[in-house]
Structures are given as C-alpha cells and as structure tokens.
Amino acid sequence: GDSVTQTEGLVTLTEGLPVMLNCTYQTIYSNPFLFWYVQHLNESPRLLLKSFTDNKRTEHQGFHATLHKSSSSFHLQKSSAQLSDSALYYCALSYAQGLTFGLGTRVSVFP
Amino acid sequence: DMKVTQMPRYLIKRMGENVLLECGQDMSHETMYWYRQDPGLGLQLIYISYDVDSNSEGDIPKGYRVSRKKREHFSLILDSAKTNQTSVYFCASGASSYEQYFGPGTRLTVL
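Protein chains in written order, with this note's numbering: chain A, 1392 to 1502; chain B, 20 to 130.
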C-alpha cells in the first residue's frame, strides 16, 4: 500500500540556519498529492504546503518544497529557521481513502 | 471562519467503560475523519465517513465504531474502552481528501 517515509525523527538547529526535512513516498497512483502539515505544541495539525505538480516549487510562510516524481520525494526546506518554527512536521500523501502520514519530524530551533 | 470542533477536550475513563467522542464542522464538508495520534506512531486513520451513513474503515478500526447521522456531525465510539486506547484523538473534515482541517483534539486516558 501507500507509504510515506520521514527519515529524521528529530532535527535540532540554531536559529538562522537552514533546515531541510526529508520526505519520500511510495504509491501506486501516478498523480499523487503531497502535503506538509505542521503541528505546534498542544495544537492540532494544520496544512503548510501542498503540491501535485511535478518539478514545481511551492512556497508558504517561508517554507518551500518541490515534488519530484522521478525520485518520489517532497522535501521541505527553509533558508533561515526561526524559534517559532519549532514544531512537529508531517509529510502526507493523499490517496482514495484519505491521507497517509509519515511518522513526523520534530524540529527544535534554539537561539 | 472554517471550524472543526471536538468535545470533550479531555476525558478520563476506566477500562471497560464506554466512550463517546463528538466532532462537528461548519463547512458542509462531505468527508470527515477520525485519527489517533501517539508518540512515535504519527497520525493513524481510524475511520472515514464520506457522508451521512456512509462510513469506511481506516487503517486501525479495531475497537472503534462511528456514527454519522448528520453531515456536520461525526461521532467516535469506544465500546468497553481499553488502556491501549489512551491517546489523542483528532477529527478532521475536508471537501476532498486533498486538504483536511483538523479539530483541536481530545485527550483520552483509559485507566
């Protein structure tokens, strides 16, 4: 079945440095929708980015990601991390029944 | 302002008791979902509802059932709760599987 892999469980970095979170997926569908959700402490997940267009960069709130179907990847990047970016980030894949989520990557940004 | 509500927000039950978690949405979305979130396991889909009385099992339906009698309302029922059902439960709704809006969550503890 469909699956999403996030290789980092925890990412710690200093404010101002770049951050990249890895996301790869497996699906039988040739046109998947990929998403990044962000969940701050004691809050619910909310949509950060979405894409279904191959090789097109999508941006929101300083974050960006590009769907690469050739490598089944949808990595999340930001050029300069802020303290407020500390959160749990989920990559997700849309399929007929709903969303399949990765296990999540916790990002901790320190001053 | 689009909104998904969940009641109660916190609940403590004893093993063997019945549990009712309620979810509402004001966006007239056809599709609604129940997830549970556990540390290290991410978000796991319990049930999905495509509309009134049109429900489908997700990835982990065992021990749960759902009810949807009105489009704006979706209930999750635990008959005879077990300690391993202690978790945070999120309801979500969406016009399609391409984007989901999450409620604030219910933290359930089964003693």
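Even for Gly, the Cβ is constructed at its ideal location relative to N, Cα and C.
Residue nearest to residue i in terms of C-alpha spacing, selected from the options
{"i": "B:Tyr117", "options": "A:Phe1424, A:Ser1394, A:Phe1501 and A:Thr1405", "result": "A:Phe1424"}
{"i": "B:Val85", "options": "B:Ile79, B:Gln63, B:Ser68 and B:Ser99", "result": "B:Ser68"}
{"i": "A:Asp1445", "options": "A:Ser1464, A:Thr1496, A:Gln1473 and A:Leu1479", "result": "A:Ser1464"}
{"i": "B:Cys42", "options": "B:Met34, B:Pro58 and B:Tyr66", "result": "B:Tyr66"}
{"i": "A:Asp1476", "options": "A:Leu1467, A:His1455 and A:Ser1499", "result": "A:Ser1499"}
{"i": "B:Leu130", "options": "B:Ala114, B:Gly122 and B:Ser106", "result": "B:Ser106"}
{"i": "B:Ile96", "options": "B:Lys32, B:Lys22 and B:Gly82", "result": "B:Gly82"}
{"i": "A:Ser1471", "options": "A:Gln1397, A:Ser1442, A:Leu1438 and A:Leu1404", "result": "A:Leu1404"}
{"i": "A:Thr1418", "options": "A:Ser1485, A:Phe1454, A:Gln1452 and A:Gln1473", "result": "A:Ser1485"}
{"i": "A:Trp1427", "options": "A:Phe1443, A:Pro1409 and A:Ser1462", "result": "A:Phe1443"}
{"i": "A:Ser1421", "options": "A:Thr1496, A:Asp1393, A:Phe1501 and A:Phe1492", "result": "A:Asp1393"}
{"i": "A:Tyr1466", "options": "A:Pro1409, A:Gly1407 and A:Thr1415", "result": "Note on residue identity: the sequence assigns His, not Tyr, to residue 1466 of chain A. Among A:Pro1409, A:Gly1407 and A:Thr1415, the Cα nearest to that of A:His1466 belongs to A:Thr1415."}
{"i": "B:Phe63", "options": "A:Gly1495, A:Val1429 and A:Phe1501", "result": "Looking at the sequence itself, residue 63 of chain B is Gln, so the reference to Phe does not match. For the residues A:Gly1495, A:Val1429 and A:Phe1501, the minimum Cα distance to B:Gln63 belongs to A:Gly1495."}
{"i": "B:Ser94", "options": "B:Val38, B:Thr128, B:Ile31 and B:Tyr29", "result": "B:Val38"}
{"i": "A:Phe1454", "options": "A:Leu1432, A:Glu1434, A:Leu1479 and A:Leu1440", "result": "A:Leu1440"}
{"i": "B:Thr50", "options": "B:Ser73, B:Met34 and B:Thr24", "result": "B:Ser73"}
{"i": "A:Val1402", "options": "A:Leu1412, A:Val1395 and A:Ala1456", "result": "A:Leu1412"}
{"i": "A:Pro1502", "options": "A:Gly1407, A:Glu1399 and A:Pro1436", "result": "A:Gly1407"}
{"i": "B:Met34", "options": "B:Gly113, B:Cys110, B:Lys89 and B:Gln104", "result": "B:Gln104"}
Under 7 Å from the C-beta of residue i: neighbouring residues of chain B
{"i": "A:Phe1424", "result": "Tyr117"}
{"i": "A:Leu1404", "result": "Those do not exist, as A:Leu1404 stays about 21 Å from chain B at its closest Cβ, beyond 7 Å."}
Beta strand (DSSP E) segment containing residue i, residue limits
{"i": "B:Ile67", "result": "Gly61 to Asp70"}
{"i": "B:Arg55", "result": "Thr50 to Asp57"}
{"i": "B:Ile96", "result": "His92 to Leu97"}
{"i": "B:Ile79", "result": "No beta strand (DSSP E) contains B:Ile79, which DSSP labels as neither H nor E."}
Neighbouring residues, chain A, relative to residue i (Cβ below 7 Å)
{"i": "B:Pro123", "result": "Ser1435"}
{"i": "B:Tyr52", "result": "Gly1489"}
Chain-ordered chain A contacts of residue i [CB-CB under 9 Å]
{"i": "B:Gly59", "result": "Gly1400, Leu1494 and Gly1495"}
{"i": "B:Leu40", "result": "Simply none; closest approach about 14 Å."}
{"i": "B:Leu64", "result": "Gln1488, Gly1489, Leu1490, Thr1491 and Phe1492"}
Contact list for residue i against chain B, beta-carbon separation under 8 Å
{"i": "A:Lys1447", "result": "Going along chain B, no residue has its Cβ under 8 Å from A:Lys1447, so there is no contact; the nearest lies around 16 Å."}
{"i": "A:Leu1432", "result": "Result: empty, since nearest Cβ-Cβ is about 12 Å, beyond 8 Å."}
Neighbour list for residue i in chain B, Cβ cutoff strictly below 9 Å
{"i": "A:Leu1439", "result": "None at all; the shortest Cβ gap to chain B is about 11 Å."}
- prompt: Name the residues in the region 98-115 of chain B whose C-beta lies less than 7 Å from a C-beta of chain A; which are they?
  reply: So the close ones are Phe109.
field: Interface residues of the region 1449-1483 of chain A facing chain B [CB-CB below 7 Å]
entry: Those would be Tyr1481, in chain order.
field: Contacting positions in the region 77-94 of chain B - beta carbon closer than 9 Å to chain A
entry: The residues in question are Gly77 and Asp78.
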